[in-house]
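Every position in the sequence shown, counted from 1, becomes a number in this note's numbering once 316 is added. Below you'll find the structure, written out as structure tokens, and then a few comments.
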Amino acid sequence: NTMSIDEFKEEVYNLATVNGRSIKKLTDLAEQLKDEAVFLVEIIIKSIKESIPNTKLPKFYLLDSITKAVGGKYIEMFAQHIKSVYPVTFKQSPNSVKKKLLT
Numbered sequence: 317n318t319m320s321i322d323e324f325k326e327e328v329y330n331l332a333t334v335n336g337r338s339i340k341k342l343t344d345l346a347e348q349l350k351d352e353a354v355f356l357v358e359i360i361i362k363s364i365k366e367s368i369p370n371t372k373l374p375k376f377y378l379l380d381s382i383t384k385a386v387g388g389k390y391i392e393m394f395a396q397h398i399k400s401v402y403p404v405t406f407k408q409s410p411n412s413v414k415k416k417l418l419t
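And the structure:
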């Protein structure tokens, strides 16, 4: 599983544009690695915090995709972190991205 987690991390950090295929691949991997959810959530949250503003939206779409498609403990884990990343991301984003973050 270590290689899969490393692969997941690399894919998340490389997710700079909204790419449905990549988001689906990462969502599927998150489902396969449910036992490692704590690490995957940490990777996504950290990547959102470290990303430049115009590359944060795809990572939020990934977070949304995982919570909707996989659910379970991912929902609770992401909920613990959302307040630390969403307001900052919203504030830093251009209006076009703010509209997408609100939907």
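From the three backbone atoms N, C-alpha and C, an ideal C-beta is built for every residue, glycine too. Remember, it's a predicted structure, so these values are computed and weren't measured experimentally.
Hey, would you say residue i sits closer than 7 Å to residue j, going by beta carbons?
i	j	result
Val-413	Leu-373	yes
Ile-364	Val-401	yes
Ile-339	Ser-381	yes
Arg-353	Lys-399	For clarity, residue 353 is Ala in the given sequence; the question names Arg instead. Contact flag unset, no.
Quick one: give me the first and last residue of the alpha helix (DSSP H) that residue i is part of.
i	result
Ile-368	First-last for Ile-368: undefined, no H or E at that position.
How is residue i classed by DSSP in three states: helix, strand or coil?
i	result
Thr-343	helix
Ala-332	coil
Ser-412	helix
Thr-419	coil
Leu-349	coil
Val-386	coil
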